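Student:
As structure tokens, this is what we get:
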């Protein structure tokens, strides 16, 4: 996000938004380093990758049109994280589905929303199913950092949160 965009979103002057951004990048220099490194890599290769190696090609990364180039640069920065998150939830869905088919045929995976899976589970089975799903989701992929999963339950989606 640019200072202009932040200023519009927060309804503050652009100079004040720029100060917030400068302070953020000063406190978290690794974020700016990631952004610069990823932007440069995308320009060199013409694509970015998720941790699983899925590629997003960026034909406008070297565009002479500033707006197109900026959009491709934003995609280059966001796609590796968002794409990796999508890859991880798909791995989790596959692991959980295999377990459900083998061990819990009454349980239904009914919905996936971004990084969340929603199930229909008989109330007598909730605790055991939640424990196993939690374990399967936390261990569906190997990362250099822990993959933390929260599990909730309720009569409806709202109560489960």
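In full-length UniProt numbering, the protein residues as written are 1 to 161. Quick reminder that beta carbons are idealized off the backbone N, C-alpha and C, glycines included. As the structure is a prediction and not an experimental result, all values here were calculated from the model.
Let me make sure I understand the geometry here. Which of 141, 140 and 119 has the alpha-carbon closest to that of residue 160?
Tutor: Of the candidates 141, 140 and 119, the one whose C-alpha sits nearest the C-alpha of residue 160 is 119.
Student: Is residue 36 helix, strand or coil by DSSP?
Tutor: It is helical.
Student: Can you have a look at residue 73 and say buried or exposed, based on whether 16 or more other CB atoms are within 10 angstroms of its CB?
Tutor: So residue 73 ends up on the buried side.
Student: Are the segment 59 to 71 and the segment 123 to 132 in contact at 8 Å, needing three or more beta carbon pairs?
Tutor: They do not touch, by the three-pair rule.
Student: Would you list, in sequence order, the uninterrupted alpha helix (DSSP H) runs of no fewer than 4 residues that lie entirely inside the segment 6 to 86?
Tutor: Counting whole runs of 4 or more residues, the segment 6 to 86 contains the alpha helix (DSSP H) stretches 14 to 27 and 29 to 45.
Student: If you draw a straight line from the alpha carbon of residue 166 to that of residue 108, how long is it in whole angstroms?
Tutor: Here the chain has residues from 1 to 161 only, and residue 166 is not among them.
Student: Could you compute how far the alpha carbon of residue 19 sits from the alpha carbon of residue 77?
Tutor: Near 22 Å, if we compare the C-alpha coordinates of residue 77 and residue 19.
Student: Classify residue 32: buried if its beta carbon has 16 or more other beta carbons within 10 angstroms, exposed otherwise.
Tutor: So residue 32 ends up on the exposed side.
Student: Using C-beta distances below 6 Å, list every residue in its chain close to residue 25, excluding the 5 sequence neighbours before and after it, in chain order.
Tutor: Same-chain partners within the cutoff: 32.
Student: Can you tell me whether residue 106 is helix, strand or coil according to DSSP?
Tutor: It is coil, neither helix nor strand.
Student: Taking the alpha helix (DSSP H) that residue 120 falls in, what are its first and last residues?
Tutor: First-last for residue 120: 116 to 120, but that is the beta strand (DSSP E), not the alpha helix (DSSP H).
Student: Compare the beta carbon distance of residue 48 and residue 40 with 8 Å and say whether it is the shorter of the two.
Tutor: Taking 8 Å as the Cβ cut-off, residue 48 and residue 40 do not qualify as a contacting pair.
Student: Can you give the beta carbon distance from residue 92 to residue 136, rounded, assuming they're within the 8 Å contact cut?
Tutor: With 8 Å as the limit, residue 92 and residue 136 qualify as a contact, their Cβ atoms being about 7 Å apart.
Student: In whole angstroms, what is the alpha-carbon distance linking residue 7 and residue 75?
Tutor: Their Cα atoms are separated by approximately 21 Å.
Student: Let me know the secondary structure DSSP gives residue 135 once reduced to three states.
Tutor: If DSSP states are grouped into helix, strand and coil, residue 135 belongs with the helices.
Student: Taking only three categories from DSSP, how would you classify residue 93?
Tutor: Residue 93 falls in the helix class under three-state DSSP.
Student: Can you look up residue 101 in the DSSP assignment and give me helix, strand or coil?
Tutor: Looking at residue 101 - three-state DSSP - the assignment turns out to be helix.
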